[in-house]
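In order, the protein sequence lines correspond to chains A, P, U and L. Going by the working numbering, the letters in the first sequence line up with residues 754 to 1090, in that order. Going by the working numbering, the letters in the second sequence line up with residues 754 to 1090, in that order. Going by the working numbering, the letters in the third sequence line up with residues 754 to 1090, in that order. Going by the working numbering, the letters in the fourth sequence line up with residues 754 to 1090, in that order.
Protein chains: 4
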Amino acid sequence: MVFILNPNVPKDKVDQFIAGWEQKGFSAILSVGTEHTAVCLIGNTAEIDMDHVVQTDDIVSYGKRVTEQYKAVNRTVHEDNTVVRAGGVPIGEGFFTVIAGPCSAESAEQVLEIARSVKDSGAKILRGGAFKPRSSPYAFQGRQAEGLEMLRAAKRETGLPIVSEIMNQTQTDLFEDVDIVQIGARNMQNFDLLKAVGALKKPVLLKRGLASTIEEFLMSAEYIAAAGNGQVILCERGIRTFETMTRNTLDLSAVALLKQKTHLPVIADPSHACGIRSLVPPLAKAALAVGADGIMIETHNNPAKALCDGAQSLDLSQFQSLMGDLKKRAVMEGKEI
Amino acid sequence: MVFILNPNVPKDKVDQFIAGWEQKGFSAILSVGTEHTAVCLIGNTAEIDMDHVVQTDDIVSYGKRVTEQYKAVNRTVHEDNTVVRAGGVPIGEGFFTVIAGPCSAESAEQVLEIARSVKDSGAKILRGGAFKPRSSPYAFQGRQAEGLEMLRAAKRETGLPIVSEIMNQTQTDLFEDVDIVQIGARNMQNFDLLKAVGALKKPVLLKRGLASTIEEFLMSAEYIAAAGNGQVILCERGIRTFETMTRNTLDLSAVALLKQKTHLPVIADPSHACGIRSLVPPLAKAALAVGADGIMIETHNNPAKALCDGAQSLDLSQFQSLMGDLKKRAVMEGKEI
Amino acid sequence: MVFILNPNVPKDKVDQFIAGWEQKGFSAILSVGTEHTAVCLIGNTAEIDMDHVVQTDDIVSYGKRVTEQYKAVNRTVHEDNTVVRAGGVPIGEGFFTVIAGPCSAESAEQVLEIARSVKDSGAKILRGGAFKPRSSPYAFQGRQAEGLEMLRAAKRETGLPIVSEIMNQTQTDLFEDVDIVQIGARNMQNFDLLKAVGALKKPVLLKRGLASTIEEFLMSAEYIAAAGNGQVILCERGIRTFETMTRNTLDLSAVALLKQKTHLPVIADPSHACGIRSLVPPLAKAALAVGADGIMIETHNNPAKALCDGAQSLDLSQFQSLMGDLKKRAVMEGKEI
Amino acid sequence: MVFILNPNVPKDKVDQFIAGWEQKGFSAILSVGTEHTAVCLIGNTAEIDMDHVVQTDDIVSYGKRVTEQYKAVNRTVHEDNTVVRAGGVPIGEGFFTVIAGPCSAESAEQVLEIARSVKDSGAKILRGGAFKPRSSPYAFQGRQAEGLEMLRAAKRETGLPIVSEIMNQTQTDLFEDVDIVQIGARNMQNFDLLKAVGALKKPVLLKRGLASTIEEFLMSAEYIAAAGNGQVILCERGIRTFETMTRNTLDLSAVALLKQKTHLPVIADPSHACGIRSLVPPLAKAALAVGADGIMIETHNNPAKALCDGAQSLDLSQFQSLMGDLKKRAVMEGKEI
């Protein structure tokens, strides 16, 4: 960690600053310039709350962390790629795992019909929203606990593991038979929820917040891992930018960069990112090509009647056709779909 | 509500679309153009999930809501400004209420010293973080329940009502003696938490999310109001933009616009918005001039030793000096500090 | 075009509004609601300055253009994909054209060495900056006219067509022997420059502005086409967002969407978008998969000594290896590299 | 300037790196850590193209400029505030200069009527667009040279100095009798134009680009100053963010921060920033309170008939009323209007 001190700090204050760090067990190296002075700190600096130092110590003008703050999820401490397994299905190195299903679980029949079809097409995990976060209190809020039961029923019938979004930390019991617990983008920094899922013994699919940096995303994963649960799947789902023609902007460079920074599996959700059905197939192919470990695709048996997000859902035959295309491409990537 | 239909929709599909709305009790007016057809819907359209229609009905290409979706917080249904009262202190029309205190409650002595001083300077409400949302699991997380007790003790001593941030909906009991419950920016769309504070009988200070639009902000306030609690104070605290020299970008046009759109009181938090101490006084004055009903200022007895966000905290004499300035300006605005 | 009128506009004002449009040759259809009134205008509405109407006519609260404003570049008026040809090299339908070369032309030897190598690897067009837009007046501004001569020399030697950035409209003569004139991101809305290259008889490579919407991008292409030059190649090169870990955010959904909206060829520039060498190959593959008609890759014979943007340049063997990979992938896409 | 080197760089490479700097006349101080090594460079580092070093030198992972790159416009080299004078009117320290007039000069009568009225109300400078940058080639492009003549005529009649926007560097002759040459937001990084106005002997009003950082803004001012013209007025006019309810987001914290970083006068343009007439007065007052040296306000004799941007224009009596309010407030600020 490097601190740049303010100009003209008296020598005794600098000595005091350095002595403080040395007492805490760090080595400090001083570089005095004509205008500025730099202090390089050596030791377990991940423990230091750097912003705190910069903000509270009046002699410090700037700090730079040379070592990243995330440890458990950092590739440098865990070179091999983590393969998360959900109900026997692997997500990570060597696989391109496709998660499909409706935005919202609407009825037992609907969920089952979709589950059967996407399984036939090659999807390995079934998604479906039971508790739906909606901007308006007057909009459809999902089928709630009943929706979860629809998913469980489809799982019993088809054998597909299921993933659904949890809304708050009191719901963990409800998700007992859910294979992967999803944290939605709006909850990416709901730290109490992160800690709660960190206490679970099952995979967590963590969506990137709408305006969260890649570093904040990794720090939220670190919350879960630090609480004891290392089975985290990162999901890029579009960030909020000035562009209005697409719902959000899918940040595929983040997928490629995350694959370098962390050993965790990284998937993409093109459906929510763009909000436009015709863009889902090209973005799904791009996600595969950029190195994602999987995708999450909204699929509906009748998009025109979907209770939620129909405009971005593929119908069952569009999904089948996309999967046919992806399977050929996965071979070229050396990945199993 | 106006829907623009896709080009070349067959007439029977259009008729069917219109008939569907008429069955639900709406009047529909059809305008057929050379390329496009528009349908104007009349009735209680706030009940309609417009995005849903656009996304699910294949003949619709675009929808425009002419009437806003928020009702309880909408100025059009409640022309007079709402004055929220917290422990006897008014926030709203005719007042410029200053909330001051440390980012984080650190010790009983610290909180009490700050409380006494800011009260002398003219602050009417004491702020202090007990539960702190932090990006890193390794950063200081606040004094928790103990921190709340420090605030309550200062309140008993000074009579200042207190405000502190709630992290999740299981904590409402803990906040029983807290006069204003604060929802942080990261939780602005934690809908379960919004519903929970909507069930309380006390004022809620709702901070705008980092990447939340003004409309989403109003919809989150609507969640609280729709759940039964109309005592909502909106707080603009900076949005995330491409600029990196300030922590966030304080959006004062949002303050002016919110005052037009809603009857709720609107305050600003310049400390968190800019993250730089020297910018706090000019932005505080600008907030008063732009029409805010108050401000929230981080104040510390010893910013250099603050456990959190010291760089943006005013010390007690800087705060006193700012208050002197603001008092003169409030006279010109016809407001009481 | 649909206009929503303000509430409670007196009937005579509405009649006057409609009469005005009818006099100009439009048909106007009126829809009166309980709260609002809508007017749907039919005719050649692309000629109407809609924002102007909304902003100047006090009875109008909102306008929606149902037909896009860009005509010459709109796919609806020109269904077939345009294939632009530069020095005999096609860019568009059926091809994945790779443009490679140094950020900046540094010396005749450097340019020639790179040109020969990238040609061997399969690049079809040589890029190189001669006039460099730099944020700081003290930074290296390019080799200017001399740099152009280095490119021309490499073209004579290798036969590769060349592309270079023009900075202002007085330079068109200098670019006489340059096969493709590039408009940089910062000049995307330099309208006088757009008009000037619109008067040329050669292809223009138009880069998307850092904070330009897809619609503004298309409107800038329309400027060139409306001035008489339909040979425009669009280039997505990353937009400015809150993310700081990558230089910009490559918006691949824009590539897919542009391919739907316009008949013009669309390419991507992953090098400038991300600014990180190791991200260039995955993003190049993703650009191919998402449907781009080509890419522009910074390539250098000695990135460590590059005068500009070395961190994002591939060296010649990295480029060769990427091209080998892309060639296999292009077969799957049914495209010729 | 501090460079952080990559982990595990061999000692001879580090020595070579340091020797290179010492040969160029810099002192280099080395700090070796367990994981990383830092090199602090001392000397005239403003001459160093830091990004270039980071990007081209393979052993460097990160650079931090401790001294700002802008020199001529930097407050540290010029403590006193610069007061720019345009036709005898001061802009800067001690003044709050109001610039008013129509978005676009439409007719000699219109311009003269507005000029007389805004002068009576207290405006000191007349603005008016002659050449208009418009996103669409089909939108009204301004009255061009004729528009400039309308402004000059109004100047002769009223004595008000005039400001108008220049579009490209071939137009400098046309602006001979224009007191202040304006560089629009889209041209903030049109470096050839910056150099051209840097060669003029008259004030330049430089608008911040829509997506330009404060640092880039200062660097563009530095281009003008480095070319020999130190009479630069900075104008904050709103940045592009995700918010859609206002046209742009007026960044008043940038105004306060610019006043700290540079000695140049800084004004705000609330009209273009928000695009909504009713927000202009509160934002104008906020600009005064935050420390701006002036404002630019669109004013029209008949906003409903304005050829451009009518929705944000104040009419003459609204402007008069705003000026009355601002005059009282200026007294409190110790400024002359």
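Glycine included, each C-beta is placed from N, C-alpha and C at the ideal position. Keep in mind the model is a prediction, meaning the values are calculated, not measured.
Would the region 882–901 of chain U and the region 968–987 of chain L be scored as touching if the rule is three or more Cβ pairs under 8 Å?
-> yes
Residue from P:Ile986, P:Ile1048, P:Ala1021 and P:Gln894 whose Cα sits closest to the Cα of Val837 of chain P = P:Ile986
Answer with yes or no whether the minimum CB distance from Leu758 of chain L to chain P is below 8 Å.
-> no
Please say whether Lys960 of chain P and Met941 of chain P have beta carbons closer to each other than 8 Å?
-> yes
Is the region 1041–1057 of chain P close to the region 838–850 of chain P, with three or more CB pairs under 8 Å?
-> yes
Is the Cβ of Cys793 of chain P closer than 8 Å to any Cβ of chain U?
-> yes
Alpha-carbon spacing of Leu794 of chain A relative to Gly895 of chain P, whole angstroms = 26 Å
Inspect the beta-carbon positions of Asp1022 of chain P and Arg993 of chain P and report whether they are closer than 8 Å.
-> no
Per-residue contacts from Phe995 of chain U into chain P (C-beta, under 7 Å) = Arg993, Thr994 and Phe995
For my contact list, Thr923 of chain A and Thr923 of chain P are in at a C-beta cut-off of 8 Å; report their separation, rounded to the angstrom.
-> 6 Å
From Ser965 of chain P to Gly937 of chain P, what distance separates their C-alpha atoms?
-> 12 Å
Chain U contact residues for Lys817 of chain P, given Cβ-Cβ distances below 8 Å | Val755, Ile757, Tyr815 and Lys817
Any Cβ of chain U within less than 8 Å of the Cβ of Glu968 of chain A?
-> yes
Pull out every residue of the region 904–924 of chain L whose Cβ sits closer than 8 Å to any Cβ of chain U, in chain order.
-> Met920, Asn921, Gln922 and Thr923
At what residue ranges does the region 873–956 of chain A contain a whole run of the beta strand (DSSP E), taking only runs of 3 or more?
-> 878–880, 915–919 and 933–936
What three-state label does DSSP hand Ala964 of chain U in the structure shown?
-> coil
Nearest chain U C-beta to Ser1066 of chain P closer than 8 Å, yes or no?
-> no
Would you mind stating whether Val855 of chain P and Thr997 of chain P have Cβ atoms separated by less than 8 Å?
-> Per the sequence presented here, residue 855 of chain P reads as Pro, with Val not at that position. No.
Chain U contacts from the region 1031–1058 of chain A (Cβ-Cβ distance under 8 Å) = Ser1031, Leu1032, Pro1035, Leu1036, Lys1038, Ala1039, Ala1040, Leu1041, Ala1042, Val1043 and Gly1044
Expressed to the nearest angstrom, what Euclidean distance is found between the alpha-carbon atoms of Leu1026 of chain A and Leu1003 of chain A?
-> In the sequence as displayed, the identity of residue 1026 of chain A is Ala instead of Leu. So the two alpha carbons sit approximately 5 Å from each other.
Residue nearest to Ala892 of chain U in terms of C-alpha spacing, selected from L:Leu1036, L:Phe770 and L:Phe944 = L:Phe944
Ile967 of chain P vs Ala1007 of chain P beta-carbon contact at 8 Å | yes
Complete runs of the alpha helix (DSSP H) confined to the region 760–799 of chain P [at least 4 residues] = 764–776
At least one CB of chain U closer than 8 Å to the CB of Ser784 of chain P: is that the case?
-> yes
Starting from Arg1082 of chain U, follow the alpha helix (DSSP H) in both directions and report where the run begins and ends.
-> Leu1069 to Glu1086
Helix, strand or coil: which one does DSSP assign to Ser1066 of chain P?
-> coil
Taking DSSP as the reference, what is the three-state secondary structure of Ile867 of chain A?
-> helix
Have a look at Pro1056 of chain P and Arg880 of chain A and give me their C-alpha separation to the nearest angstrom.
-> 49 Å
Inspect the CB distances between the region 821–833 of chain L and the region 1026–1036 of chain L and report whether three or more fall short of 8 Å.
-> no
Any chain L beta carbon closer than 8 Å to Arg1082 of chain P = yes
Do Asn1054 of chain U and Glu929 of chain U have their C-beta atoms within less than 8 Å of each other?
-> no
Work out the CA separation of Ile1029 of chain U and Ile878 of chain P for me, nearest whole Å.
-> 49 Å
Hey, is Arg828 of chain L close to the ligand ATP, as in C-beta under 7 Å from one of its heavy atoms?
-> Absence of the ligand ATP from the depicted structure is noted, as is the absence of any ligand whatsoever, leaving it without description.
Alpha carbon of Lys948 of chain U to alpha carbon of Ala980 of chain U, nearest angstrom | 6 Å
For Ala1026 of chain P, which three-state DSSP category applies?
-> helix
With a threshold of 16 other CB atoms inside 10 Å of the CB of Glu899 of chain U, please say whether the residue is buried or exposed.
-> exposed
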